[in-house]
Each structure stands twice: as C-alpha cells, then as structure tokens.
Amino acid sequence: MKGLLNNYFGIGDFLTTLPGMTPNEVAQMADQLDQLNFLLDNLPAIEQNLTSYISGIVKYHEFVNRCVKQGVAGIEKVDQSVLDIFVA
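Numbers 100 to 187, taken from the numbering used here, label the letters of the sequence shown in order.
Shown next as structure tokens:
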C-alpha cells in the first residue's frame with residue numbers, strides 16, 4: 100500500500116512516518132497542505148490566465164504569419180517592377 104500511495108499521491112512515506120514526526124515535521128507537512136489548498140482554490144484563475152496566455156501567443160504568431168506573407172508578396176511585386184523597368 101505504501102508504494103501505491105507514493106506512486107499515486109506521494110503520501111505513502113508520510114503516512115508511515117507520521118506517528119514519529121517531530122512538531123517541526125508536522126508543521127512542514129501542514130504548510131505543504133496549505134500550499135496545496137491555496138493552489139486548488141486558485142486553479143480556475145490559473146487556468147484562465149494560462150488559456151489567455153496561450154491564446155495570445157497563438158494570435159501573435161498568426162499576426163507574424165500574415166505580416167511575413169504580405170512582406171513576401173510585396174517583395175515579389177517590387178522585384179517584378181524592377182524587372183519590368185529593366186526590360187523596358
């Protein structure tokens with residue numbers, strides 16, 4: 100059981116050592132649980148921020164893609180104009 104609890108949740112060692120823990124060790128575990136609770140309470144906001152960030156990065160790369168395509172099209176037109184002038 101200890102191995103399974105460690106593999107899935109990382110708490111197998113904690114459960115077996117809990118009876119012999121010092122007050123400082125118990126306090127450290129309580130701090131870790133407080134941090135986890137804070138994380139859980141804020142998951143929706145974190146998810147929204149990450150979703151917005153990812154969306155922003157995608158939009159930026161789409162913008163760069165459009166600009167590069169316009170730039171390449173412009174280069175082709177300039178080159179064609181120079182060629183037309185040279186031929187004339």
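Every residue gets a Cβ at the ideal spot worked out from N, C-alpha and C, and that includes glycine.
Can you determine whether any heavy atom of the ligand FMN sits closer than 6 angstroms to the C-beta of M128, and answer yes or no?
Looking for the ligand FMN in the displayed structure turns up nothing, as the structure carries no ligands at all.
Terminal residues of the continuous alpha helix (DSSP H) containing A129?
P122 to V186 is the extent of the alpha helix (DSSP H) around A129.
In whole angstroms, give me the CA-to-CA distance for G173 and L182.
Rounded to whole angstroms, G173 to L182 spans 14 angstroms at the Cα level.
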